[in-house]
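J.:
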Amino acid sequence: MAPVIGKAKAAVDISIAYLTGIRHLFHRPYTLRFPQQRYAVEKGYRGRHLLHLDRCTGCGICAWICPEKCITIVPRGQRWYPQYFYGRCCFCHFCTDYCPEFALEETVEYDIAEYTRDRLVWSPERLSKPPVKKDDKYVFSVDTIGGASQVPQKEE
79 MAPVIGKAKA
89 AVDISIAYLT
99 GIRHLFHRPY
109 TLRFPQQRYA
119 VEKGYRGRHL
129 LHLDRCTGCG
139 ICAWICPEKC
149 ITIVPRGQRW
159 YPQYFYGRCC
169 FCHFCTDYCP
179 EFALEETVEY
189 DIAEYTRDRL
199 VWSPERLSKP
209 PVKKDDKYVF
219 SVDTIGGASQ
229 VPQKEE
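Take the numbering used here: the last position of the sequence shown gets the number 234, and nothing is skipped along the way.
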């Protein structure tokens, strides 16, 4: 009696798996065609860091608190500033939370991929540049993102 129940349960489980797969064949896609299409992220998203050079005192708390040790303090003239290696950064933003002068802040920029490892080292000068505003006119449809109330279109 027990082997029959086990085989029936296995048949039900397999049929549920097949039905799930068939249902996904007719579902709209979950992904966007990056970089032509981008998600609009909310404020508070943990993107790349922005360094305010005028506020930074070079105390090194950001480098000390970093769990991945991806921050080094480098000299620039008479002052010291943080330099990031984004190949190791886990974007925990402890550095922004613990900065006593609020010289570091989080941005919503997430497109920081590079072709070479050397380009993942961000100097203080590069960190101090505000994020470049990407085109706000998205080209994906409402069906692609699953229920957005309004999606601006490209003007030509």
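Here a beta-carbon is modelled for each residue, glycine too, at the ideal position from N, C-alpha and C.
1. Would the segment 147-162 count as touching the segment 194-206 if we require 3 or more Cβ pairs under 8 angstroms?
2. Do you know whose CA, among Tyr96, Arg195 and Asp132, lies nearest Arg154's CA?
3. Taking the alpha-carbon of Trp200 as reference, which of Glu120, Gln156, Phe104 and Arg126 has the nearest alpha-carbon?
4. On the premise that Pro209 lies in contact with Lys187, defined as a C-beta separation below 8 angstroms, what is that separation, rounded to the nearest angstrom?
5. Which residue wins for smallest C-alpha separation from Lys211, given the options Ala141, Gly84, Arg195 and Arg116?
6. Who are the Cβ neighbours of Gln166 in its own chain at under 8 angstroms, not counting the five residues just before and after it?
7. Taking 8 angstroms as the cut-off, decide whether the C-beta atoms of Glu139 and Cys177 are in contact.
8. Give me the Cβ distance between Cys168 and Ile143, rounded to the nearest whole Å; I'm assuming they're in contact under 8 angstroms.
9. When the Cα atoms are used, what is the spatial distance from Thr222 to Tyr96?
10. DSSP three-state label for Tyr164, please.
11. Just list the residues that DSSP pairs Ile151 with in beta bridges.
12. Would DSSP call Glu184 helix, strand or coil?
13. Buried or exposed, going by whether 16 or more other CB atoms sit within 10 Å of the CB of Thr98?
14. Going by beta-carbon coordinates alone, are Ala181 and His130 separated by less than 8 angstroms?
15. Tell me where the alpha helix (DSSP H) around Leu205 begins and ends.
T.: From the atom records:
1. yes
2. Locating residue 154 in the sequence shown gives position 76, counting from the first residue. When only C-alpha atoms are compared, the closest one is Asp132.
3. If you number the sequence shown from 1, residue 200 lands on position 122. Of the candidates Glu120, Gln156, Phe104 and Arg126, the one whose C-alpha sits nearest the C-alpha of Trp200 is Arg126.
4. Taking the first residue of the sequence shown as position 1, residue 187 is located at position 109. Taking the first residue of the sequence shown as position 1, residue 209 is located at position 131. Just to set this straight, residue 187 is Glu in the shown sequence, not Lys. With a Cβ gap of about 4 angstroms, Glu187 and Pro209 count as contacting.
5. The residue labelled residue 211 in the question sits at position 133 within the sequence shown. The shortest C-alpha separation from Lys211 is found at Arg116.
6. On the sequence shown, residue 166 is found 88 positions in, with the first residue counted as 1. Going by the sequence as given, residue 166 is Arg instead of Gln. So the qualifying residues of the chain are Glu146, Lys147 and Cys148.
7. Here the question's residue 139 lines up with position 61 in the sequence shown. Here the question's residue 177 lines up with position 99 in the sequence shown. Just to set this straight, residue 139 is Ile in the shown sequence, not Glu. A contact, by the Cβ cut-off of 8 angstroms.
8. Stepping through the sequence shown from its first residue, residue 168 is reached at position 90. Stepping through the sequence shown from its first residue, residue 143 is reached at position 65. Here Cys168 is actually not in contact with Ile143; their C-beta atoms are around 13 angstroms apart, not less than 8 angstroms.
9. As a working mapping, residue 222 is identified with position 144 in the sequence shown. As a working mapping, residue 96 is identified with position 18 in the sequence shown. Because the pLDDT at Thr222 is just 46, under 50, the model does not fix this residue reliably, and the value given afterwards should be weighed accordingly. Taking the CA atoms as reference points, Thr222 sits about 24 angstroms from Tyr96.
10. The residue labelled residue 164 in the question sits at position 86 within the sequence shown. DSSP places Tyr164 in coil when its eight states are reduced to three.
11. Mapped onto the sequence shown, residue 151 falls at position 73. Per DSSP, Pro160.
12. Sequence index remark: in the sequence shown, residue 184 carries index 106 (1-based). Glu184: strand per DSSP, three-state reduction.
13. As a working mapping, residue 98 is identified with position 20 in the sequence shown. The residue is exposed, with fewer than 16 neighbouring Cβ atoms inside 10 Å.
14. Translated into the one-based positions of the sequence shown, residue 181 becomes position 103. Translated into the one-based positions of the sequence shown, residue 130 becomes position 52. Closer than 8 angstroms, so yes.
15. On the sequence shown, position 127 is the one that residue 205 refers to. Per DSSP, Leu205 belongs to the alpha helix (DSSP H) from Pro202 to Leu205.
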